[in-house]
Every structure is written in C-alpha cells, then in structure tokens.
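**Q** Per full-length UniProt numbering, residue 1 is the first one in the sequence shown, and the count goes up by one each step. A single structure is presented below for examination.
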Amino acid sequence: MPATHEGSCLCGGIQFTVTGDPFLYILCHCTNCKKASGSAFLANAWFKYEDVEVKDNNLLRTYKDIGTKSGSTLVRQFCSNCGSNVFIRPDKNNLKKGDVYIIHAPLVEGYEAWAPNRESFPEDRCSFLREIMIKPKAKSKL
C-alpha cells in the first residue's frame, strides 16, 4: 500500500493528504512560477486527482493565470490567510490526460525524499543555478 503524506500551507489553514509519491516532479523556471514562488524556481510535484484529499479548503482562493509561457491557462490556488501558494490546476479546457493537482512540494511532509525528474523552461533558469542532474530510472532485471 502506498504511503500517505500530510501537507498544509504555512498557517495550516489549508490541509491535505497525498497518497504515494508524485508521478512527476518538475522544477519550473518560467517567469510566472518564479513570481508566484518569490524564488528562482518552483518545485512542482504532480499527483493524480484521486491521490489528493483536501481536508480543509475554506481559505483556498484562486487566480486564473492566462499569461503563461506555454499558452495554457493555469488555475493557481493559494491560502487567503498566509499567502502560501498551494496548488496549480490545469484549466478545465486544457485537460488532456485527466485532472491533476500540482502541489508545491515543500508543503508536503517528507518531500525531501523526492528527486526532481524534469525541468520546465530551463532556458529561463537563473544564471546562478546549475542544471539538475536527472538520474535515469534503474532498468528492471526481470
């Protein structure tokens, strides 16, 4: 049975549980993610919709980000109390392979065990950052 991990915004007003590890873990270097995070990149852990249970979302607010580099509208969700960026959701019109939660990885307990497996918009990486080393998945011996 996959492990579950608790998560919350900075003030704890938005709480959630994720089941398993992210199926994708991307460091995004686009301008919008950098502005949303207030940092050099945003660590985005991708989970299937059914693997996320939002326990308390009364403080959750949304911002439709229509000016993305990819051209796809994203729904950025944040805590109205502490300002933490919590989730990114694809706009319903942009869903191609099912609904997902893109969670800011440091909000999830135990995220330190995950390793990013991709970078988005590496051409926009800040000059003081190095390229991440993505380890290839081990080949099965079966």
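Think of the CB as a built atom: it goes at the ideal place given N, C-alpha and C, for glycine as much as any other residue.
Look up alanine 105 in the DSSP assignment and say whether it is helix, strand or coil.
**A** In this structure, alanine 105 counts as helix in the three-state DSSP scheme.
**Q** Round the Cβ separation of aspartate 99 and serine 72 to the nearest angstrom and send it over; I've been treating them as touching at under 8 Å.
**A** Not really, about 14 Å apart at Cβ, beyond 8 Å.
**Q** Which same chain residues end up closer than 6 Å to glutamate 109 when comparing Cβ atoms and leaving out the 5 residues on each side of it in sequence?
**A** Result list for glutamate 109: His5, Glu6, in chain order.
**Q** Counting only the same chain and skipping the five closest in sequence on each side, list residues whose C-beta sits under 8 Å from that of residue 175.
**A** The requested residue 175 is not part of the displayed model; the chain covers only 1 to 142.
**Q** To the nearest whole angstrom, what separates the beta carbons of alanine 45 and tyrosine 111, a pair I think is in contact under 8 Å?
**A** Contact flag correct, Cβ pair sits at about 7 Å.
**Q** Need the endpoints of the beta strand (DSSP E) that alanine 43 sits in, please.
**A** 42 to 48 is the span of the beta strand (DSSP E), which, as asked, contains alanine 43.
**Q** What are the boundary residues of the beta strand (DSSP E) that residue 145 is part of?
**A** Only positions 1 to 142 of the chain appear in this structure, which leaves residue 145 out of reach.
**Q** On the premise that arginine 130 lies in contact with histidine 29, defined as a C-beta separation below 8 Å, what is that separation, rounded to the nearest angstrom?
**A** Not confirmed; about 12 Å, so no contact.
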